[in-house]
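Note sheet for the following structure.
2 protein chains.
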Amino acid sequence: MSIGALEAQGREVREAATALGQASDEARRAVLLHVADRLEESSDELLAINADDVVAYDEPGAGVDRLTLTSARVNAMADALREIANHPDPLFEVVDQSVRPNGLRIERLRVPLGVIGVVYENRPNVTSDVAGLCVRSGNAAYLRGSSTAFATNQFIVSLWHEALEKEGLPAAGVSLVQDSSHETAAAFMQLTDVLDCLIPRGGPSLIAAMREHARVPYVLDGDGNCHVFVDASADLDNAVAIVRNAKTSRPGVCNAAETVLVHRMIAADFLPALSAAMPEVELRGDDATRQYLPNATPASEEDYQREFLDLILAVKVVDSLDEAIAHVARYGTGHSEAILTTDQANAEAWVKRVDAAAVVVNASTRFVDGGELGLGGEVGISTQKLHARGPMGLRELTCLKWVVRGEGQIR
Amino acid sequence: MSIGALEAQGREVREAATALGQASDEARRAVLLHVADRLEESSDELLAINADDVVAYDEPGAGVDRLTLTSARVNAMADALREIANHPDPLFEVVDQSVRPNGLRIERLRVPLGVIGVVYENRPNVTSDVAGLCVRSGNAAYLRGSSTAFATNQFIVSLWHEALEKEGLPAAGVSLVQDSSHETAAAFMQLTDVLDCLIPRGGPSLIAAMREHARVPYVLDGDGNCHVFVDASADLDNAVAIVRNAKTSRPGVCNAAETVLVHRMIAADFLPALSAAMPEVELRGDDATRQYLPNATPASEEDYQREFLDLILAVKVVDSLDEAIAHVARYGTGHSEAILTTDQANAEAWVKRVDAAAVVVNASTRFVDGGELGLGGEVGISTQKLHARGPMGLRELTCLKWVVRGEGQIR
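Chains as they are written, first to last, in the numbering used here: chain A, 377 to 787; chain B, 377 to 787.
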């Protein structure tokens with residue numbers, strides 16, 4: 377695909393976005409429900425195409441699992457679309473209204489962003505999930521998936537084309553970039569006349585490429601170096617259960633805990649109980665931690681900086697709430713930060729003073745997720761502050777347009 | 377100023393932002409009111425310093441007027457700060473609340489963005505206005521003004537330092553980059569560990585530099601190629617008064633009208649009346665326009681594309697609402713787009729279908745301004761869709777933090 381072909385496709389996506397932004401709630405819902413049905417009906421065909429992509433895949437690591445579809449995963453994709461379809465329409469809500477002294481009536485109206493570009497890696501379910509969130513919110517989805525999933529993605533997108541056309545909407549409302557070269561990747565990130573918002577879903581090299589090449593506004597789905605602070609007054613059993621859940625329920629995701637900070641007053645009770653409750657997890661602690669857990673690995677500076685995304689947890693004993701907040705300010709990535717405490721003042725200080733997309737009190741960091749927070753799905757989790765912070769659902773794919781109504785006012 | 381010195385200053389600004397984000401409503405207000413008083417008290421000194429900057433200024437064009445302060449302008453700066461000070465506190469509002477089926481209590485809390493970077497040109501009032509909006513909303517202001525205004529800006533910033541320290545807040549909460557070389561400009565736009573949001577206020581070359589160099593999230597204060605569509609049913613006298621106001625009340629600003637689109641049914645009445653009402657404006661029209669206004673200059677394609685920012689208005693006769701909307705979609709910059717009509721259905725079609733930061737019905741485009749819309753001031757007018765669209769006031773300098781409160785929930 378040449379740059380010229382990319383730009384020509386982009387113009388079609390742009391036009392389709394205008395039609396989607398005018399489409400009725402009913403038509404947008406119907407598209408999602410149709411694709412959900414068709415995914416299930418054509419599951420065998422989809423799995424066969426995906427099997428070819430999997431056979432051709434020759435990179436080591438967890439990539440092959442992310443690439444592979446199963447019947448259960450196809451059904452989960454369909455169910456996710458039904459959930460998004462049944463979520464209330466995010467469009468055309470009047471967010472606030474006022475009348476100015478000169479009689480002008482002012483309101484802000486919720487409208488689609490337009491064209492959402494998403495750059496992502498292996499997982500084919502992203503193709504369907506993102507298309508669903510975009511179409512439901514009246515946006516066009518312009519997708520640049522991985523070359524390794526190309527045939528799978530192409531088939532999924534063909535179901536979207538069918539469903540859009542069935543509702544009289546342009547097929548280009550869900551479009552897939554037709555190659556995955558580095559050249560088109562950079563060109564894609566520079567389609568300033570096409571993309572209203574670009575969302576990267578991937579690792580550090582994708583984020584670096586975005587910062588280098590992107591010329592369109594973007595929202596970063598960044599790393600989650602998430603902390604749990606176990607305060608002196610924490611309920612011991614709750615604290616052990618929460619840290620265990622935050623670390624082990626799904627270690628490879630961005631809302632998993634990577635470091636536990638333990639108040640010195642509770643360390644002698646908490647640390648041995650935690651270690652006993654999750655023997656499968658390697659603990660890496662500072663000197664104070666290792667007084668209570670002599671078998672823990674010594675923690676390096678780097679251990680406090682990184683996302684392990686694995687069954688490894690960094691541990692640090694702190695003297696105070698202030699020290700815990702300072703540690704999070706230094707090492708945190710602004711994703712999800714939890715305090716476990718029975719002291720209401722400390723809980724509120726944490727909520728107010730910790731600078732992160734989500735602050736959590738007495739619960740697992742794993743709840744910071746679009747589905748769990750009631751958004752009906754998510755296109756990513758923003759760790760920046762502009763536009764959207766935390767999970768991005770349907771509402772985060774909209775913007776507010778000013779409407780000014782007068783009767784001849786001049787200034 | 378070396379890049380290292382810039383980074384060191386940046387770290388101080390970052391720390392100051394933390395303190396400002398925790399400062400009370402009362403302290404933040406007091407800082408603004410103190411600066412307002414001190415601006416007036418030290419007006420003579422400020423005007424003398426500014427006079428030196430003006431003497432040293434040797435570029436042609438309107439720059440010298442923008443650079444020059446007068447007593448009236450200093451008083452206006454002080455009054456603007458008092459207005460922002462008296463605007464309600466934008467912080468710590470709970471925007472929405474819900475309880476999940478598992479008992480988690482979810483809310484979103486309005487908090488400051490952190491450090492706002494602003495790159496701007498001559499006008500020294502921007503120094504004070506931006507600092508006022510940032511401090512009022514609990515943010516630090518990191519300012520890169522023009523070298524031509526350096527001494528003036530430095531003096532204004534010194535008043536902010538005095539006021540911040542008087543309230544026990546760090547002086548670095550309002551900081552000025554100490555040189556204006558291109559090298560530090562590019563480095564400033566790449567301070568990813570310091571800046572939460574970067575706002576350029578300037579012309580096309582600054583926007584191009586932002587797209588090229590910026591590595592931090594930014595909101596573009598873009599061009600305004602604004603249209604007024606005079607529909608067939610428009611009230612003739614109102615329409616003439618509004619177009620005249622939109623074009624001539626301040627031709628050099630971004631919310632001034634640049635093109636008037638006239639429905640063919642009303643053209644024979646409207647165009648001669650408009651021409652008679654604003655003889656000082658050069659009209660540039662298409663062939664149909666020139667049937668009614670034989671003395672109008674023929675309009676080129678470029679005339680429909682550009683911001684004149686002058687007493688020149690492009691004119692085009694259109695056959696329908698659809699043609700007007702299509703013209704705006706093609707040539708508009710997404711700023712402010714007005715329809716003048718007595719047909720309610722056409723007004724609502726315009727509101728829904730025109731894609732712009734502000735759509736205006738039966739009023740002048742000149743009302744699209746933070747002060748006029750009740751924001752108490754503005755740091756710029758965004759023509760992009762992410763984060764803020766249209767005038768950016770105090771609320772647009774905040775973001776929403778998720779707060780999740782539980783009693784031991786795990787996932």
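Just so you know, even glycine gets a beta-carbon here, dropped at the ideal spot from N, CA and C.
For S340(B), return the contacting residues in chain A, with the cut-off set at a CB-CB distance below 9 Å. Since the first residue of chain B shown is 377 and the last is 787, residue 340(B) is not available in this structure.
Beta-carbon separation (whole angstroms), V491(B) vs L519(B), contact threshold 8 Å: Counting from one through the second sequence, the residue named residue 491(B) turns up at place 115. Counting from one through the second sequence, the residue named residue 519(B) turns up at place 143. Their Cβ separation, rounded to whole angstroms, is 11 Å, which puts V491(B) and L519(B) out of contact at 8 Å.
Given this structure, state the Cα-to-Cα distance separating E497(B) from S522(B), to the nearest angstrom. Position 121 of the second sequence, counting from 1, holds the residue named residue 497(B). Position 146 of the second sequence, counting from 1, holds the residue named residue 522(B). Here the C-alpha atom of E497(B) lies approximately 5 Å from the C-alpha atom of S522(B).
What are the start and end residues of each continuous alpha helix (DSSP H) run of 4 or more residues lying completely inside the segment 508-580 of chain B, in chain order? 526-542 and 558-564
Just curious, the beta strand (DSSP E) that G782(A) is in, first and last residue? Reading the first sequence from its first residue, position 406 is the one you call residue 782(A). Taken as a continuous stretch (DSSP letters only), the beta strand (DSSP E) holding G782(A) covers T774 to Q785.
K623(A) versus chain B: which residues are under 7 Å apart at the beta carbon? Taking the first sequence and counting its residues from 1, one reaches residue 623(A) at position 247. Those do not exist, as K623(A) stays about 11 Å from chain B at its closest Cβ, beyond 7 Å.
Check whether the segment 773-785 of chain A touches the segment 594-611 of chain A, counting contact only when three or more Cβ pairs, one atom from each stretch, lie closer than 8 Å. no
Under 8 Å between the Cβ atoms of V550(A) and F564(A)? Residue numbering aside, residue 550(A) sits at position 174 when the first sequence is read from its first letter. Residue numbering aside, residue 564(A) sits at position 188 when the first sequence is read from its first letter. No; because the gap between Cβ atoms is not below 8 Å, this pair is not in contact.
Bridge partners for V737(B) per DSSP, in chain order? Locating residue 737(B) in the second sequence gives position 361, where the first residue counts as 1. According to DSSP, V737(B) bridges with R781(A) and I715(B).
Strictly below 7 Å CB to CB, what residues from chain A border D572(B)? The sequence position of residue 572(B) within the second sequence is 196, counting from 1. Per Cβ cutoff of 7 Å: K761.
Whole angstroms are fine: how far does the CA of L489(A) sit from the CA of T774(A)? Translated into positions along the first sequence, residue 774(A) becomes position 398. Translated into positions along the first sequence, residue 489(A) becomes position 113. Inter-residue distance for T774(A) and L489(A) is about 5 Å (C-alpha atoms, whole angstroms).
For D555(B), I'd like the list of residues in its chain whose CB is within less than 7 Å of its CB, leaving aside the five on either flank, ordered along the chain. Along the second sequence, one-based indexing puts residue 555(B) at 179. M377.
Can you look up V694(A) in the DSSP assignment and give me helix, strand or coil? The residue you call residue 694(A) lines up with position 318 of the first sequence. Note: V694(A) maps to strand in three-state DSSP.
Please report the distance separating the alpha-carbon of L697(B) from that of L467(A). Counting from 1 along the second sequence, the entry for residue 697(B) is found at position 321. Counting from 1 along the first sequence, the entry for residue 467(A) is found at position 91. Distance between the alpha carbons of L697(B) and L467(A): 23 Å.
Strictly below 7 Å CB to CB, what residues from chain B border S740(A)? Position 364 of the first sequence, counted from the first residue, corresponds to residue 740(A). The contacting residues are Q785, I786 and R787.
Straight-line Cα distance separating L749(A) from A714(A): Here residue 714(A) refers to the residue found at position 338 when the first sequence is read from its first residue. Here residue 749(A) refers to the residue found at position 373 when the first sequence is read from its first residue. Their backbone Cα atoms lie some 15 Å apart in a straight line.
Name the chain B residues whose beta carbon is nearer than 8 Å to that of A734(A)? Locating residue 734(A) in the first sequence gives position 358, counting from the first residue. Near A734(A) (Cβ distances below 8 Å), the residues of chain B are K777, W778, V779 and V780.
Classify V471(A) as buried or exposed, calling it buried when 16 or more other Cβ atoms lie within 10 Å of its own Cβ. As a first step, residue 471(A) must be located in the first sequence, where it is residue number 95. Per the 10 Å Cβ criterion, exposed.
Do you know offhand how far C573(A)'s Cα is from V704(B)'s? By one-based count along the first sequence, residue 573(A) stands at place 197. By one-based count along the second sequence, residue 704(B) stands at place 328. Straight-line Cα distance between these residues: approximately 21 Å.
If you check the beta carbons only, do R387(A) and V511(A) fall under 8 Å apart? Here residue 387(A) refers to the residue found at position 11 when the first sequence is read from its first residue. Here residue 511(A) refers to the residue found at position 135 when the first sequence is read from its first residue. Against a cut-off of 8 Å, the Cβ pair of V511(A) and R387(A) comes out as no contact.
Short check: CB of L770(A) to CB of H463(A), under 8 Å? Your numbering for residue 770(A) matches position 394 in the first sequence. Your numbering for residue 463(A) matches position 87 in the first sequence. Going by C-beta atoms, L770(A) is nearer than 8 Å to H463(A).
Spell out a yes or no on whether the segment 420-438 of chain A and the segment 538-546 of chain A are touching, meaning 3 or more CB-CB pairs, one atom from each, closer than 8 Å. no
Secondary structure at H603(A), three-state DSSP: helix, strand or coil? The residue you call residue 603(A) lines up with position 227 of the first sequence. It is a strand residue.
I460(B) versus L445(B), V407(B), E416(B) and A427(B), residue with shortest Cα-Cα distance: Position 84 of the second sequence, counted from the start, is the residue given in the question as residue 460(B). It is V407(B) whose Cα lies nearest to the Cα of I460(B).
Between the CA atoms of R591(B) and P576(B) - distance to the nearest angstrom: The residue labelled residue 576(B) in the question sits at position 200 within the second sequence. The residue labelled residue 591(B) in the question sits at position 215 within the second sequence. Taking the straight line joining both Cα atoms gives about 13 Å.
Can you check whether the C-beta of L467(B) is within less than 8 Å of a C-beta belonging to chain A? For the purposes of this step, residue 467(B) is taken as the residue at position 91 of the second sequence. It does not: the Cβ of L467(B) has no partner Cβ on chain A nearer than 8 Å.
Using a C-beta to C-beta distance shorter than 9 Å, which residues of chain A count as neighbours of P593(B)? Position 217 of the second sequence, counted from the first residue, corresponds to residue 593(B). Here the neighbours are P593, Y594, V595, L596, Q760, K761, L762 and H763.
Over what stretch of residues does the alpha helix (DSSP H) that includes V475(A) continue unbroken? Translated into the one-based positions of the first sequence, residue 475(A) becomes position 99. Where V475(A) is concerned, there is no enclosing alpha helix (DSSP H), although the beta strand (DSSP E) it sits in stretches over V470 to V475.
Where the beta strand (DSSP E) through G493(B) begins and ends: Taking the first residue of the second sequence as 1, we reach residue 493(B) at position 117. Counting along the chain, the beta strand (DSSP E) containing G493(B) begins and ends at V491 to Y496.
Determine the burial state of T635(A): buried for a count of at least 16 other Cβ atoms within 10 Å of its Cβ, exposed for fewer. The residue given as residue 635(A) occupies position 259 in the first sequence. Result: buried.
So A617(A) contacts chain B; which residues on that side make the cut at Cβ distance below 9 Å? Along the first sequence, one-based indexing puts residue 617(A) at 241. Residues of chain B passing the Cβ test: G784 and I786.
At 7 Å on the CB atoms, spell out the chain B contacts of L480(A), in chain order. Walking along the first sequence from the start, residue 480(A) turns up at place 104. Simply A739 and F743.
By DSSP's criteria, L637(B) is part of a beta bridge. Which residues make up the other side? Your numbering for residue 637(B) matches position 261 in the second sequence. Within the DSSP bridge table, the entry for L637(B) names F605(B) and K692(B) as partners.
Which residues in the same chain have their Cβ closer than 8 Å to the Cβ of H537(A), if we skip the five residues on either side of it in sequence? As a working note, residue 537(A) is residue 161 in the first sequence. Cβ neighbours of H537(A) beyond the five flanking positions: A547 and V550.
Give the interface partners of Q871(B) over in chain A, defined as CB-CB distance under 8 Å, in chain order. This structure leaves residue 871(B) out entirely; chain B is present only between 377 and 787.
Can you list, in chain order, the stretches of the beta strand (DSSP E) that have 3 or more residues and sit fully within the segment 620-674 of chain B? 633-639 and 658-661
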